[in-house]
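Numbering (our numbering), first residue to last: 16 to 391.
Beta carbons are placed, not taken as given, at the ideal position from N, Cα and C, and that holds for glycine.
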C-alpha cells in the first residue's frame, strides 16, 4: 500500500468554483481526507494549483505499427505534458477498433478512452475520404464494438468534404443512428463544405458534441457580417456541447472571439493533437488553454473546460474524473499560471500576445506521480 501527499497547493473545486489552500492525500490510489502518518511520498507543489486531472477530449493517439499514420503515443501528449486523460477522437473505426486496447490502453500510463469512427480511418488506399462511400461506413460494426469495449465513449463523424465527399450528410445520419442505438454522444467534426454546417448541426441532439467549432473556414458558425448563424444558436439552446478541437487548421482567434462576444459558449477545450501540429499550431493542451485565457475566459472556466465539463460530456465522471473527492481514485493535475507574456498563433497564422501562460507541472494517477517531461 502506497501513500502520497501533495502539499502547499491551491486546490481547485471546479464544482463550487472556489480555490483554497489545502493538502491532498492519496492512500493506495484513493483520495482520502487524512493519512494515519506521514506519506511515503510527499510532493511540495509550492503554491501551484492542484486541479482534477486534465482531460483532452479530442486527440489522435491510435498509434498502430501496421499503419503509417500521423498519430501520437498517448503518453507523449498525456502524462508527459501534465494531462491525465486523453480521448481519441475517431482514429479507428469498426475494422481497427479492437487493436486500440492492445496498442494504446495496455501500453500507456495515461488514462485513455476513445470515440469510434463511423468511417474507416487508417486503412490504406481508400480514396476520397474514409467516410465517402456507404461501404466504408459500418453501422452494425460500430454498434457491436460497444458490446466489447466499455472504454468507448461515443461515435465520431467527420462532416467535411475532405473526409466524406458527397456522401457527407448520409455519413452523419449513419453516425447519428449508431450513437442513438448505443446511448452515447455523437462527436461531429465540422469543416469545409459539403455537407453544409446548417444541415449537420440540425441532426445533433442534447449532449452531442460539435468539435472544431471555431475554425476560420468559410461556411462555419459565423454568417453574413460575422453574425452567428441560427442553426448554431439553436444547437446550443438544445444542449449541444461546444468543443474547441484546435488542430492544425481548426481554431481561429477572430471567429472564437466574435462568437463569444455574441453570447456563444465554449464548454470544452481540446487540442486535436497529432504529429502534424505538436510542434506548431496546437502544440499542447496547456498552450490551447492559454489561448482561451488570452481571449478573456476566466482561469476557473478554462480549468473547468478541461476537467468537469469533458468528464460529464462523455461519462468519465463515473470513473472519478472531473472532481477531487475523498473515496474516489486519484486523478490530479498540478499546474501554474505564470505572469509571463507569450506569443500565440492560431491555425490561420494569426498571432496574439498573452499576458500570462499556463504551465503544467505533473499528474497523479492512482498512487503514481508523473512529472511533466515534454515542452508545452
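Look up residue i in the DSSP assignment and give the residues it is bridged to.
i, result
"residue 127", "101"
"residue 346", "380"
"residue 169", "130"
"residue 36", "25"
"residue 329", "None, per the DSSP bridge assignment."
"residue 385", "378"
"residue 64", "25, 350"
"residue 18", "42"
"residue 108", "132"
"residue 283", "258"
Below 8 Å on the Cβ atoms is my contact criterion, and I expect residue i with residue j to pass it. Report the Cβ-Cβ distance as a whole number of Å.
i, j, result
"residue 347", "residue 306", "About 24 Å separates the two Cβ atoms, so there is no contact after all."
"residue 372", "residue 349", "Incorrect: roughly 16 Å between the Cβ atoms, too far for contact."
"residue 39", "residue 339", "7 Å"
"residue 98", "residue 300", "5 Å"
"residue 391", "residue 263", "The Cβ separation is near 18 Å, so there is no contact."
"residue 129", "residue 322", "In fact, because the Cβ distance is near 19 Å, the residues do not count as touching under 8 Å."
"residue 164", "residue 116", "7 Å"
"residue 281", "residue 259", "7 Å"
Would residue i and residue j qualify as a contact pair, given that the criterion is a beta-carbon distance under 9 Å?
i, j, result
"residue 216", "residue 250", "yes"
"residue 41", "residue 51", "no"
"residue 58", "residue 384", "yes"
"residue 177", "residue 206", "yes"
"residue 79", "residue 125", "no"
"residue 238", "residue 46", "no"
"residue 87", "residue 387", "no"
"residue 69", "residue 315", "no"
"residue 104", "residue 74", "yes"
"residue 184", "residue 214", "yes"
"residue 62", "residue 344", "no"
"residue 310", "residue 352", "no"
"residue 267", "residue 122", "no"
"residue 170", "residue 378", "no"
"residue 225", "residue 324", "no"
With a threshold of 6 Å on Cβ separation, who are the neighbours of residue i within its own chain once the five nearest residues in sequence on each side are excluded?
i, result
"residue 173", "204"
"residue 20", "38, 40, 54, 57"
"residue 179", "144, 146, 147, 186"
"residue 190", "133, 170, 172, 201"
Note down, in chain order, each residue of its chain lying with its Cβ closer than 8 Å to the Cβ of residue i, except the 5 sequence neighbours on either side.
i, result
"residue 234", "207, 208, 211, 212"
"residue 366", "358, 359, 360"
"residue 277", "242, 243"
Identify, in the order they occur along the chain, each residue of the same chain with its Cβ nearer than 7 Å to the Cβ of residue i, setting aside the five sequence neighbours on each side.
i, result
"residue 254", "221, 222"
"residue 319", "29"
"residue 148", "182"
"residue 160", "109, 112, 131, 167"
"residue 36", "25"
"residue 355", "371, 372"
First and last residue of the beta strand (DSSP E) that includes residue i?
i, result
"residue 45", "45-47"
"residue 59", "56-59"
"residue 316", "Careful: residue 316 lies outside any beta strand (DSSP E), inside the alpha helix (DSSP H) at 314-319."
"residue 74", "70-74"
"residue 160", "First-last for residue 160: 154-163, but that is the alpha helix (DSSP H), not the beta strand (DSSP E)."
"residue 369", "366-369"
"residue 119", "Element bounds for residue 119: n/a, residue is neither H nor E."
"residue 205", "201-205"
"residue 359", "357-360"
Taking the alpha helix (DSSP H) that residue i falls in, what are its first and last residues?
i, result
"residue 91", "89-92"
"residue 250", "245-253"
"residue 211", "Unbroken run through residue 211: none, as it is neither H nor E."
"residue 224", "Segment 224-226 is the beta strand (DSSP E) holding residue 224; no alpha helix (DSSP H) there."
"residue 279", "Note, residue 279: premise wrong, no alpha helix (DSSP H); not H, not E."
"residue 195", "183-197"
"residue 304", "300-309"
"residue 176", "176-179"
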